Amino acid sequence: MHTKITEVLLPTDTLLQKARTSLDSGNESQARDCAQRAASQEYCSAKLCTAWAEICEELGMARLAREFYEKTLRLSPNHAGALYGLAALLAEGGHVEKSVRHLKKLLKLDPSHVKGKALLAEHYQAMGLPGQAAALKPASATQEAPSPLRSFKPSVSRADTERLLKLFAGREQGFALQEIHPTTGESSYVFQAGSLTHETIAAHILGDLNLGIYSLRSDNTVCHAAVLVHVSGAMMEAARRNASTVALFGEKLHRHLVLLVRHAVQLGLPAYVEATGSVQGRLWFFFDGFLHFLKVKRFLKDFLEHAPEPETPLVVEPLLPTQPVGIGWEEQAIPMPLGLDRATLQRSFFLDREGKVEGEQLKLLHRIRRIPLNSLHASRLHCDGRQERVAVWEGRRHASFKRILESCSILNELVRKAVSGRILRREEKVVLFYTLGWLEQGAEILHECLQACPDYQYESVQRQAARLKGHPMSCVKIRELIPEVTSVLDCNCSFDLRGGKYPSPLLHVHPHMVPAAETFVVPEDLSLREAGRRYVALRLHLQESEKALLRLERILEKGFTRKKLSSLRVDQFNLLRVEEENGVTWKMERA
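So the sequence shown is residues 1 to 591, counted in UniProt numbering.
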């Protein structure tokens with residue numbers, strides 16, 4: 001091969017001719033000098049660079065040979081000879097990942113390149129990917145002798161497949177199927193239209209195919225989440241040829257997975273460990289309903305903030321339903337547990353809390369506990385300074401906050417909606433800001449209430465809470481802003497409105513924070529329009545008061561009759577029940 005290329009190029013490169021002549025005559029020293037001189041020159045011919053690379057290979061000058069092959073590819077990116085030559089040199093130097101990349105490109109250009117296929121299959125085998133290696137070998141070479149031991153596949157019931165589908169429910173239409181490319185041996189999950197069926201999931205469990213799921217529903221909610229633990233790619237490549245080091249990495253990974261599940265147990269969160277290979281595993285959380293994926297993302301981030309630190313070379317990160325693509329994100333297929341990976345030919349298994357494989361994988365599916373949404377929404381994981389970590393809801397420590405929720409059904413409903421992970425309308429947020437925001441530590445309470453909302457932003461809430469002006473919102477204003485909420489909830493609040501105060505939820509906890517309504521102060525020079533506005537406000541206030549008085553009179557009548565009372569001392573007044581011809585009336589007398 002070298003002689004043929006040299007004969008073609010001799011007339012155009014005397015230095016190359018001299019190097020070939022010196023090499024053929026056994027004068028390797030002179031040939032090396034020629035190669036060193038040639039390395040510093042610029043070439044416009046890919047054939048010349050390839051010829052020099054081949055001479056450098058014969059001389060054992062691997063570094064220079066790589067440089068010449070790289071020059072060839074810069075001049076001719078699809079040069080098959082240079083791609084294979086560079087891949088072989090990279091493999092000899094231990095750069096398997098780079099070698100694989102060039103071999104894939106070579107096989108895409110020339111699928112019948114025998115040496116390229118053989119070398120790539122060898123790489124896949126060394127990387128622990130026998131399934132991908134088998135795809136590049138002749139069918140006769142991949143057949144194994146049958147085992148003398150009989151094996152029995154499990155009976156997969158419809159209840160098993162339905163349970164797996166419920167736990168890993170996601171996109172309403174569409175799933176992914178793992179495929180191995182017959183030319184390059186690449187493994188990928190290919191989108192499939194339609195929905196998962198009992199037969200498809202059963203085939204997945206039996207190992208006939210391997211499914212991937214799209215966790216994100218059309219409304220951007222998910223019902224499960226996972227933490228991915230794997231060995232760093234750079235560390236894995238460096239240790240790939242050392243079986244004992246790879247085994248050590250696997251032990252570290254399993255040990256850390258056990259630490260993570262114990263951390264979850266300390267927090268009161270049911271979590272389940274899955275081993276997806278010797279150097280990769282996942283920790284799963286399942287929710288009793290669907291949550292916005294941003295809420296789940298914050299949950300995983302909060303969980304990992306206080307989790308045990310991983311050892312080198314482990315990487316721990318949330319497994320998200322989307323992956324960054326350019327300047328945006330794209331949903332990604334997540335391998336479904338209990339499948340047989342077509343690349344590694346290893347099955348994923350759930351582990352117990354000690355890191356051992358669960359004996360009955362299908363039965364485990366029916367024992368998996370889900371996290372109730374109310375306990376998840378109303379909790380914030382944090383470290384309280386002690387060795388053990390606990391889950392608490394900071395809002396429950398504020399007595400005034402608890403009291404106002406118990407007293408006002410409207411605010412209680414809005415807070416319940418917020419902590420359930422739903423997005424509040426602007427009017428609903430305004431009500432919360434101008435009521436709860438006036439409590440002690442109001443900004444902190446607002447953060448705790450709104451942090452479960454998918455559109456929550458810390459800085460935005462902090463800024464708006466700091467800019468609160470005026471006075472607490474009145475009950476009348478609340479009814480104007482959210483009539484669809486107030487119309488379906490009973491409001492039985494009764495306030496002491498002496499001194500011209502207006503009804504407001506803040507009167508339940510801090511009456512001094514609610515000033516006298518301006519409508520009760522009537523100056524002589526009031527304009528006609530302003531007088532009309534205040535008159536309407538007072539009439540509305542009077543209607544609210546009359547409704548409340550009627551409800552209170554019914555309660556008083558029932559109590560006085562039961563206890564056979566005619567009067568009741570209340571602070572500095574005597575409340576009298578007077579029977580008249582038209583019925584019962586109530587009077588107040590100063591004591």
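No residue lacks a Cβ here, since even glycine has one placed at the ideal position from N, Cα and C. Bear in mind the structure is a predicted one, so any value in this text is a computation, not a measurement.
| query | result |
| --- | --- |
| Tell me which same chain residues have a C-beta within less than 6 Å of the C-beta of Ser99, skipping the five on either side of it? | Ala87, Leu90, Ala91 |
| Within 10 Å of its beta-carbon, does Asp208 have 16 or more other beta-carbons around it, so buried, or fewer, so exposed? | exposed |
| Under a Cβ-count criterion, where at least 16 other Cβ atoms within 10 Å of its own Cβ denotes burial, should Phe285 be classed as buried or exposed? | buried |
| Among Leu489, Tyr43, Pro483, Ser474, which residue has its Cα nearest to the Cα of Phe495? | Ser474 |
| Under 8 Å between the Cβ atoms of Leu127 and Arg240? | The sequence shown places Met at residue 127, rather than the Leu named in the question. Cβ atoms of Met127 and Arg240: closer than 8 Å. |
| Going by the CB atoms, is the gap between Leu489 and Glu580 shorter than 8 Å? | no |
| Does Asn574 come out as helix, strand or coil in the three-state DSSP assignment? | strand |
| Within the same chain, show all residues whose beta-carbon is closer than 8 Å to that of Thr322, passing over the 5 residues directly before and after it, in chain order. | Leu216, Phe293, Trp329, Glu330, Glu331, Gln332 |
| Considering Cα atoms alone, identify which of Leu362, Lys558, His263 is closest to Ser155. | Leu362 |
| Do you know offhand how far Phe175's Cα is from Glu459's? | 38 Å |
| What three-state label does DSSP hand Ile368 in the structure shown? | coil |
| For Lys587, which residues from the same chain have a beta carbon less than 7 Å from its beta carbon, with the 5 sequence-adjacent residues on both sides left out? | Leu576, Val578 |
| Taking only three categories from DSSP, how would you classify Tyr214? | coil |
| In terms of alpha-carbon separation, which member of Pro310, Gly250, Ala80, Val316 lies closest to Leu300? | Val316 |
| With a Cβ-Cβ cutoff of 8 Å, do Leu59 and Leu16 count as a contact? | no |
| Does the Cβ of Thr14 have 16 or more other Cβ atoms within 10 Å, making it buried, or fewer, making it exposed? | exposed |
| Quick one: residues in its chain with C-beta nearer than 7 Å to the C-beta of Ile478, no 5 flanking neighbours on either side, listed in chain order? | Ile410, Val431, Thr486 |
| What is the rounded straight-line gap between the Cα of Phe349 and the Cα of Leu164? | 14 Å |
| Going by the CB atoms, is the gap between Leu365 and Gly289 shorter than 8 Å? | no |
| Would you kindly report the start and end of the unbroken alpha helix (DSSP H) that includes Tyr502? | First-last for Tyr502: undefined, no H or E at that position. |
| Which word fits Leu542, buried or exposed, when buried means at least 16 other C-beta atoms lie within 10 angstroms of its C-beta? | exposed |
| Run through the segment 244-300 for me and flag every whole alpha helix (DSSP H) of 4 or more residues, listed as ranges in chain order. | none |
| Can you give the Cα-Cα distance for Leu528 and Ser218, rounded to whole angstroms? | 55 Å |
| Reducing DSSP to helix, strand and coil, say where Arg386 ends up. | Note that Arg386 scores 36 on pLDDT, short of 50, meaning its location in the model is unreliable and no value can be drawn from it. |
| Ordered along the chain, which non-local residues of its own chain (more than five positions away) have a Cβ less than 8 Å from that of Pro310? | Val229, His256, Val316 |
| Between which two residues does the alpha helix (DSSP H) holding Glu330 run? | Taken as a continuous stretch (DSSP letters only), Glu330 belongs to no alpha helix (DSSP H), being part of the beta strand (DSSP E) at 328-331. |
| Do Leu136 and Gly185 have their CB atoms nearer than 8 Å? | yes |
| Is the segment 338-345 close to the segment 249-263, with three or more CB pairs under 8 Å? | no |
| Rank Thr183, Gln192, Asn210, Glu162 by C-alpha distance to the C-alpha of His198 and give the top, closest one. | Glu162 |
| As an exercise, report each continuous beta strand (DSSP E) stretch of at least 3 residues that is fully enclosed by the segment 525-577, in chain order. | 567-570 |
| Taking Phe495 as part of the alpha helix (DSSP H), name the residues at either end of that continuous run. | Taken as a continuous stretch (DSSP letters only), Phe495 belongs to no alpha helix (DSSP H), as it is neither H nor E. |
| Look at Asp455 and Ile423 and say whether their C-beta atoms are less than 8 Å apart. | yes |
| Any idea if Ile445 is buried or exposed, counting beta-carbon neighbours within 10 angstroms, 16 or more meaning buried? | buried |
| For Ser188, write down the residues that DSSP places opposite it in a beta bridge. | Glu179 |
| Using a threshold of 8 Å, state whether the C-beta atoms of Ala35 and Ala19 are closer than that. | yes |
| Going by DSSP, name the residue or residues bridged to Ile334. | Ile213 |
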